[in-house]
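Residue numbering for the sequence shown is 600 to 933, as defined by the numbering used here. Quick reminder that beta carbons are idealized off the backbone N, C-alpha and C, glycines included. Here the structure is a predicted model, which is why all the values come from computation and not from measurement.
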Amino acid sequence: MKKVLFATTALIATAGMAAAEVKISGYGRFGLDYNEANKTVVGRSDTNITSRFRLTFDASTETDGGVTVGGRIRAQAENRDGGQGAATFSSPQFHVAYGGLRVNVGNIWGAIDSAPGLYLNTTSVGTGIDGMGFNSLAIKGAGFDTFTSAGAGVGGIEAIYSAGGFTGHISFSQQNGGAVAGSADGLQRTAIMLNYSFGDYFVTGAYQSADNGRTITKGGVAGVEADDDLMFFAAGADFGQFGATLQYAQTEEADSVTLAGEAEIGAASTLIGWVNSTDIDNTVTVGQTVTDGTAFGINYEYDLGGGVTFVAGYVQTAAATNENSVQAGLHFSF
Numbered sequence: 600m601k602k603v604l605f606a607t608t609a610l611i612a613t614a615g616m617a618a619a620e621v622k623i624s625g626y627g628r629f630g631l632d633y634n635e636a637n638k639t640v641v642g643r644s645d646t647n648i649t650s651r652f653r654l655t656f657d658a659s660t661e662t663d664g665g666v667t668v669g670g671r672i673r674a675q676a677e678n679r680d681g682g683q684g685a686a687t688f689s690s691p692q693f694h695v696a697y698g699g700l701r702v703n704v705g706n707i708w709g710a711i712d713s714a715p716g717l718y719l720n721t722t723s724v725g726t727g728i729d730g731m732g733f734n735s736l737a738i739k740g741a742g743f744d745t746f747t748s749a750g751a752g753v754g755g756i757e758a759i760y761s762a763g764g765f766t767g768h769i770s771f772s773q774q775n776g777g778a779v780a781g782s783a784d785g786l787q788r789t790a791i792m793l794n795y796s797f798g799d800y801f802v803t804g805a806y807q808s809a810d811n812g813r814t815i816t817k818g819g820v821a822g823v824e825a826d827d828d829l830m831f832f833a834a835g836a837d838f839g840q841f842g843a844t845l846q847y848a849q850t851e852e853a854d855s856v857t858l859a860g861e862a863e864i865g866a867a868s869t870l871i872g873w874v875n876s877t878d879i880d881n882t883v884t885v886g887q888t889v890t891d892g893t894a895f896g897i898n899y900e901y902d903l904g905g906g907v908t909f910v911a912g913y914v915q916t917a918a919a920t921n922e923n924s925v926q927a928g929l930h931f932s933f
């Protein structure tokens, strides 16, 4: 399903200056969430409202030489599991772009998070209204950089180059937080992603190396970086009314495979089903955060027109208790 983002555009121009473009876009979503996992949380109902309202502000201008310079910030507020989330503003992302090259600084997107095939082709890029835990992701047990609406973000730099069907993306981030004054021993991540699209097919490969992050004990060795040696591969195809994506990821904690299939039903409905199989590394004895087993889910969307979509989703997790979640609600974009 292809989703159109409608943007309100204001053009501001003064004598002697290049025209500046300001765009405001965003979305809202709201619905009901039933989650069996909440039964084990004291004071929390298993059925709650889930909602989010997001505004994205983009501004850019162009030099006399044709170089685009711009920035982005985001504001959002949400409610999950019966708790009202505070309204937050993101830190800014700045960019410089020319031709097929774009460089982002600050609250970067991240090479891993930008990999085609990592997320589902849905309004939440997961299952249901709010992603429902994003159990469909093949990456398990490792963090990676992503643009965040909450606070400072990761603080990094990245370069994206596109030409024809090829896209290359490399990113680096550094978070302060070291114990020694003037040191740079906060979490650092370096990642690269390569994608090639040809006709209705694509293939993607990505890799991440990290330092000074969360550690685990693996194979009797303490201090192994959980975010290090993350590998991700994906391939997908669009067969007109049908589509499919296969993704594989390997982290320090687990190997994981996800197969997702998509079908357009009539002119307005889309059905996506996925299954994920995760095999944990049994030599991880301290710090293991990944559950071994199989999870699956199904997502249904009906386009009501005007940027409004009805969304319903079901997920069964890989937890030993095979916890079930169900969501239904509306998503609208503007």
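Return the first residue and the last residue of the beta strand (DSSP E) that M792 is part of.
-> Q787 to F797
Go ahead and pull the three-state DSSP assignment for N703.
-> strand
Looking at S624 and G709, is the spacing between their C-beta atoms short of 8 Å?
-> no
For the candidate residues T920, T916 and H930, whose alpha-carbon lies nearest to that of G732?
-> T916
Sorted by chain position, which residues of the same chain lie with C-beta nearer than 6 Å to A606's C-beta, five sequence neighbours on each side aside?
-> No answer about A606 holds up, because its pLDDT of 36 lies below 50 and its placement is not dependable.
Exposed or buried, K601, counting other C-beta atoms within 10 Å across all chains shown (16 or more means buried)?
-> Its pLDDT being 36, under 50, K601 is placed unreliably in this model, and the coordinates cannot settle the point.
Since V726 contacts G835 with CB under 8 Å, what's their CB separation in whole angstroms?
-> According to the sequence displayed, residue 726 carries Thr and not Val. That pair is no contact at about 17 Å.
In whole angstroms, what separates the C-alpha of I756 from that of F693?
-> 10 Å
DSSP on N637, reduced to helix/strand/coil?
-> helix
Three-state class that DSSP yields for F743 in the structure shown | coil
Buried or exposed: I707, going by 16 or more other Cβ atoms within 10 Å of its Cβ?
-> A buried status is given to I707, since no fewer than 16 other beta-carbon atoms sit within 10 Å of its beta-carbon.
Whose C-beta lies closer than 7 Å to the C-beta of V704 among residues of the same chain, with five residues either side of it excluded?
-> F693 and I756
Would the beta-carbon of S659 fall within 8 Å of that of V668?
-> yes
Report the three-state DSSP secondary structure of G732 (helix, strand or coil).
-> helix
Neighbourhood of P715 by C-beta distance below 6 Å, restricted to the same chain and skipping five residues each side | Within the same chain, P715 has close Cβ partners N794, F801 and T803.
Return the chain-ordered list of same chain residues with a C-beta closer than 7 Å to the C-beta of E947, the five sequence neighbours on each side being excluded.
-> Residue coverage of the chain in this structure runs from 600 to 933, which leaves residue 947 outside it and unanswerable.
Express the C-alpha separation of G763 and N734 in angstroms, rounding to a whole number.
-> 32 Å
Please name the residue in T893, A867 and Q887 whose C-alpha comes closest to that of V874.
-> Residue nearest to V874 within the set T893, A867 and Q887 is T893 (criterion: CA-CA distance).
What separation, rounded to the nearest whole angstrom, lies between the Cα atoms of G905 and G750?
-> 32 Å
Per DSSP, cross-strand counterpart(s) of Y806 | I791 and M830
Measure the C-alpha to C-alpha separation of G776 and R701 and round it to an integer number of angstroms.
-> 29 Å
Use the C-beta contact count for S924: other C-beta atoms within 10 angstroms, 16 or more gives buried, fewer gives exposed.
-> buried
Quick one: is I871 buried, meaning 16 or more other Cβ sit within 10 Å of its Cβ, or exposed?
-> buried
Backbone CA spacing between Y697 and D657 [nearest angstrom] = Looking at the two C-alpha atoms, the distance is approximately 17 Å.
With DSSP run on the structure shown, which of helix, strand or coil describes N647?
-> Residue state, collapsed to three classes: strand.
Burial state of K638 (16 or more Cβ within 10 Å) | exposed
Give the range of the beta strand (DSSP E) segment to which V889 is assigned.
-> Note, V889: premise wrong, no beta strand (DSSP E); not H, not E.
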